[in-house]
Amino acid sequence: MHQQLNNLRNEQRSKTNCSKNILRRGKKLPTSVLQQLEDNKNKFISMNGFLSTTKSNDVAKMFAGVETNRAGYQSVLFEMHIDGAINTKRPYADISRESAIPDEKEVLFFMGFVWRIEAVDKLFDNTWKVKLQLSTDINSNLTRSFIELSDKCTYFTLGRILHELGEYKNAISFYDRMLNITSELSERKTCADIHFHIAISAFEDGSYTQALDNLKKAELLIEELVQSGNGESVELRPILAEDMHLSPMCIMMNK
11 MHQQLNNLRN EQRSKTNCSK NILRRGKKLP TSVLQQLEDN KNKFISMNGF LSTTKSNDVA
71 KMFAGVETNR AGYQSVLFEM HIDGAINTKR PYADISRESA IPDEKEVLFF MGFVWRIEAV
131 DKLFDNTWKV KLQLSTDINS NLTRSFIELS DKCTYFTLGR ILHELGEYKN AISFYDRMLN
191 ITSELSERKT CADIHFHIAI SAFEDGSYTQ ALDNLKKAEL LIEELVQSGN GESVELRPIL
251 AEDMHLSPMC IMMNK
């Protein structure tokens with residue numbers, strides 16, 4: 011995927027004038043996440059996983075669910091400012107020609123781009139606009155923070171960041187990777203944790219059958235631990251009260 015995006019990017023740069031441009035992204039975000047963005051203006055954010063944006067304001071509004079209401083959520087339009095003349099270490103490209111839905115005018119970013127939160131404003135129609143500037147001049151303190159974070163980061167942390175950003179499918183993907191490397195019976199407590207996290211993200215994504223299946227798997231693993239009587243603690247991560255802990259998104263924002 012990295013090479014494909016890189017090839018597309020190089021092709022597009024050779025055919026068009028590189029200039030400053032604005033891309034957009036629409037999301038329904040929990041009010042708590044929107045508040046974190048507002049509290050961290052002029053700081054940095056990095057969205058783990060691939061980042062899908064669009065050239066169309068109407069498409070962004072559609073994905074933000076401007077015309078629909080959901081309790082505890084806000085319609086957020088991200089306005090992403092980019093200087094196309096600057097070379098970036100990671101690729102991004104217009105993939106509308108390769109997309110099954112070309113009308114979405116999608117521009118896809120590879121993982122790891124860093125953005126500065128420049129403004130968070132409420133619009134007249136109760137929609138929120140978050141202005142982001144692609145950062146190409148990361149100071150040494152921020153670089154050190156990312157190095158420290160990468161040393162400490164677990165898939166749980168990455169999954170929580172994605173969950174808080176409303177990227178529920180990507181969060182589940184990270185948790186699934188943990189299951190692939192956590193298969194030993196001695197790690198049943200960790201597996202139970204993972205299934206609980208998958209259930210929460212699946213529920214928020216509207217995948218209720220998947221959520222229920224993973225809750226049942228977690229329950230079965232807990233029962234096995236209790237019945238084994240080997241003295242292993244069955245205390246789980248406090249996943250039902252995520253807001254009680256410092257959000258990993260704040261760390262990513264260099265707070």
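Plus 10 on top of the position in the sequence shown (first one is 1) and you've got the working numbering.
Beta carbons: idealized from backbone N, C-alpha and C, even for Gly.
Everything numeric in this text was worked out from a predicted model, so none of it was measured.
Please go through the segment 185 to 243 and give each complete alpha helix (DSSP H) segment of 4 or more residues, from N-terminal end onward. Here the runs fully enclosed are 198 to 214 and 218 to 238.
Ignoring anything shorter than 3 residues or poking outside the segment 95 to 123, list the beta strand (DSSP E) runs there in chain order. At a cut-off of 3 residues, the continuous stretches assigned as beta strand (DSSP E) that sit fully inside the segment 95 to 123 are 102 to 104 and 116 to 119.
How many whole angstroms separate the CB atoms of E116 and S62, which I take to be in contact at a CB cut-off of 8 Å? For a cut-off of 8 Å, the C-beta gap from E116 to S62 is around 6 Å, short enough to register as a contact.
Closer than 6 Å by C-beta to D131: which residues in its own chain qualify, once you throw out the five before and the five after it? Chain order, please. Apart from sequence neighbours up to five positions away, the residues of its chain that approach D131 with a beta-carbon distance below 6 Å are K139, ordered along the chain.
Whose C-alpha, out of R23, D49, I182 and E234, is nearest the C-alpha of A103? Checked all of R23, D49, I182 and E234; the closest Cα to A103 is R23.
For a test of the three-state rule: what should DSSP assign to F88, helix, strand or coil? Three-state result, F88: strand.
What separation, rounded to the nearest whole angstrom, lies between the Cα atoms of R198 and H91? Each residue's Cα considered, the two are about 45 Å apart.
Below 8 Å on the Cβ atoms is my guess for K227 versus H207; work out the distance and round it to an integer in Å. Incorrect: roughly 12 Å between the Cβ atoms, too far for contact.
Can you have a look at K274 and say buried or exposed, based on whether 16 or more other CB atoms are within 10 angstroms of its CB? Since the first and last residues shown for the chain are 11 and 265, residue 274 lies out of range.
Residues that F54 bridges to, as DSSP identifies them: Partner residues in the beta bridge of F54, as assigned by DSSP, are R126.
Around the C-beta of D135, are 16 or more other C-beta atoms found within 10 angstroms, so that it is buried, or is it exposed? Here D135 is exposed. Its C-beta has fewer than 16 other C-beta atoms within 10 Å.
Where I157 falls: helix, strand or coil (DSSP): Interpretation of I157 is limited by its pLDDT of 45, a score under 50 that renders its predicted location unreliable; the figure taken from the coordinates is listed afterwards. If DSSP states are grouped into helix, strand and coil, I157 belongs with the helices.
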